[in-house]
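Here the structure is laid out as structure tokens; the discussion comes afterwards.
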Amino acid sequence: MKFFLPVCLIVVVIGTSIGWAVNHYSFGWREARFGELRMDGSVDADNLSEHLVSLRPNAASKAELPNGSIHDFGSMAQGEQGEHTFVIKNVGNAPLTLKKGASTCKCTLANLEKGSLAPGEETTVKLEWTVQTAEPQFSQNAEIRTNDATIGAISLQIRGKVYREVEFVPDSITFGEIAADDAFEFAGEMYSYLDDTITIQKVSFGSKRLNALSEIQWEALPRENYDLVHEQAKQAFRFVAKVKPGLDQGSVSTPLKVQFSKASEPSSQDPENWYVTTVSCAGSVVGELTVLKTSLVKTSSNDVNYLNIGDVGPGDDLEYPFLLKFKGSQAAKTNLSIGACTPKDSVSATIEELGKPNPNSTSRTFRVKVKLTPGQSVVDLRINATDNVGWVTIESDNPKVPALRVALNVKIESVP
6 MKFFLPVCLI VVVIGTSIGW AVNHYSFGWR EARFGELRMD GSVDADNLSE
56 HLVSLRPNAA SKAELPNGSI HDFGSMAQGE QGEHTFVIKN VGNAPLTLKK
106 GASTCKCTLA NLEKGSLAPG EETTVKLEWT VQTAEPQFSQ NAEIRTNDAT
156 IGAISLQIRG KVYREVEFVP DSITFGEIAA DDAFEFAGEM YSYLDDTITI
206 QKVSFGSKRL NALSEIQWEA LPRENYDLVH EQAKQAFRFV AKVKPGLDQG
256 SVSTPLKVQF SKASEPSSQD PENWYVTTVS CAGSVVGELT VLKTSLVKTS
306 SNDVNYLNIG DVGPGDDLEY PFLLKFKGSQ AAKTNLSIGA CTPKDSVSAT
356 IEELGKPNPN STSRTFRVKV KLTPGQSVVD LRINATDNVG WVTIESDNPK
406 VPALRVALNV KIESVP
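Quick note on numbering: the sequence shown equals residues 6 to 421 in the numbering used here.
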């Protein structure tokens with residue numbers, strides 16, 4: 006009896022130990038992982054695909070697209086519908102499963118012809134779409150999910166250019182800066198995607214002054230001269246606009262308006278039934294001498310150029326440079342110099358040409374450096390604050406090139 010309790014205690018301890026060991030072995034420990042990702046670092050995102058394949062070393066499906074996963078349809082009109090058939094082949098040695106995935110495009114992915122492919126077998130997937138975008142390029146994607154461990158999903162893409170019924174090249178015309186006494190010209194092309202044959206009836210600018218000084222010539226382009234982007238166009242035309250001197254100085258922004266008729270319409274000779282398309286034209290007409298705009302150079306409401314200097318004192322920077330552009334047929338045979346500077350006791354200037362002089366050049370650039378000299382009293386030349394005006398004058402030795410004056414918006418403090 007005296008051994009009964011110790012024996013019972015020993016049995017309880019042994020039983021408890023065995024129970025704990027069995028429970029721990031069965032339920033108390035698991036290798037830490039997230040799916041097939043191991044917490045010990047042996048399997049991570051970089052080698053996950055290889056690990057999945059290794060689980061089936063002798064049987065793995067593999068998807069291949071013999072004709073590629075991207076289809077470029079070239080050019081399509083806004084609202085036009087298209088379709089393309091992709092081919093998917095199983096080049097692995099295990100069945101390949103296919104399933105429609107999420108689609109981010111405004112297109113239709115037809116039902117899969119087969120949801121499973123045996124090794125060596127292939128199937129087709131048809132993608133249908135309608136071009137609906139205001140952008141010049143169209144691109145959409147659709148997804149096919151697979152059990153191919155190396156890719157997971159197949160991304161099918163369609164892309165191409167979206168054209169209007171009539172397009173210009175370039176799509177906007179910029180002729181830059183033109184000297185007021187110079188003639189100039191610019192050219193472009195117009196492509197028609199209309200099924201009907203069109204005839205150009207009238208071409209004009211939105212500006213009456215530009216129309217009066219312009220001659221616009223049109224000719225049909227042979228198909229071998231179409232550019233690659235517009236090779237699907239039905240017709241193409243080339244235009245050249247020649248403009249005589251005489252435009253007012255300042256910015257020019259006006260549409261080039263093309264009126265055309267369709268051959269299939271009996272009333273095509275009636276101007277009221279003509280169709281109209283436009284392309285924007287922009288540029289700038291400048292005088293022979295032009296002050297280049299910077300943070301220092303401003304233009305007043307009455308088109309006077311001025312240097313916006315502000316308040317300066319004897320301890321401030323007293324030299325202020327700006328650039329001058331000389332363009333036109335008179336540039337090569339004209340010399341520039343500094344004329345009157347007012348007030349002469351407070352304002353002076355120098356001028357130098359940038360770069361080597363070219364006797365045949367129609368464009369030259371000069372640097373003008375304005376120097377301020379503080380005196381015994383304050384000199385207030387601020388615009389709209391006083392009747393006094395500070396000026397720097399650039400003169401020429403050519404009667405055809407008038408002088409140019411630049412105002413100063415500055416208050417020069419006195420010497421202490």
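Yeah, the Cβ is synthetic: ideal placement off N, Cα and C, and Gly gets one too.
Remember, it's a predicted structure, so these values are computed and weren't measured experimentally.
Asked	Found
Val-290 beta carbon less than 7 Å from that of Ala-408	no
7 Å Cβ cutoff met for Gly-288 and Phe-180	yes
Counterpart residues of His-89 in DSSP-defined beta bridges	Leu-132
Top-ranked residue by Cα proximity to Tyr-325, from Glu-400, Leu-377, Ser-121, Leu-233	Leu-377
Continuous beta strand (DSSP E) stretch holding Asn-146: start and end	142-151
Simplified DSSP state of Arg-313, which is helix, strand or coil	According to the sequence provided, residue 313 is Asn. The question's Arg does not apply to it. Three-state DSSP puts Asn-313 in a strand.
Endpoints, the alpha helix (DSSP H) within which Leu-215 is located	213-218
Which listed residue (Asp-153, Val-309, Ser-305) has its alpha carbon closest to that of Val-96	Asp-153
Distance between Pro-260 and Trp-396 (C-alpha atoms, nearest Å)	39 Å
Opposing strand residues paired with Ser-305 [DSSP bridges]	For Ser-305, which the question treats as bridged, DSSP gives no partner whatsoever.
Alpha-carbon to alpha-carbon, Val-208 and Gly-193	13 Å
Secondary structure of Arg-228, DSSP reduced to three states	helix
Any beta strand (DSSP E) of 3 or more consecutive residues that is wholly inside the segment 350-413	352-359, 368-377, 395-401
Ala-345 burial status per 10 Å Cβ neighbour count (16 or more: buried)	exposed
Own chain residues within Cβ distance below 8 Å of Asp-232, not counting five before or after	Val-174, Glu-194
Proximity below 7 Å, CB of Thr-128 to CB of Ile-93	yes
7 Å Cβ cutoff met for Val-317 and Ile-183	no
Opening and closing residue of the beta strand (DSSP E) in which Pro-421 lies	Per DSSP, Pro-421 belongs to no beta strand (DSSP E) and is neither H nor E.
Within 7 Å, strictly: CB atoms of Thr-155 and Leu-103	no
Whole-angstrom distance between Gln-142 and Ser-80, CA atom to CA atom	9 Å
Burial state of Pro-404 (16 or more Cβ within 10 Å)	exposed
C-beta contact flag for Ser-285 and Ser-212 at 7 Å	no
Thr-21 - DSSP class collapsed to helix/strand/coil	helix
Thr-398 vs Arg-410 beta-carbon contact at 7 Å	yes
Rounded C-alpha distance that separates Ser-144 from His-89	14 Å
Strand pairing of Ile-163, partner residues [DSSP]	His-76, Gln-145
Three-state secondary structure (DSSP) of Val-174	strand
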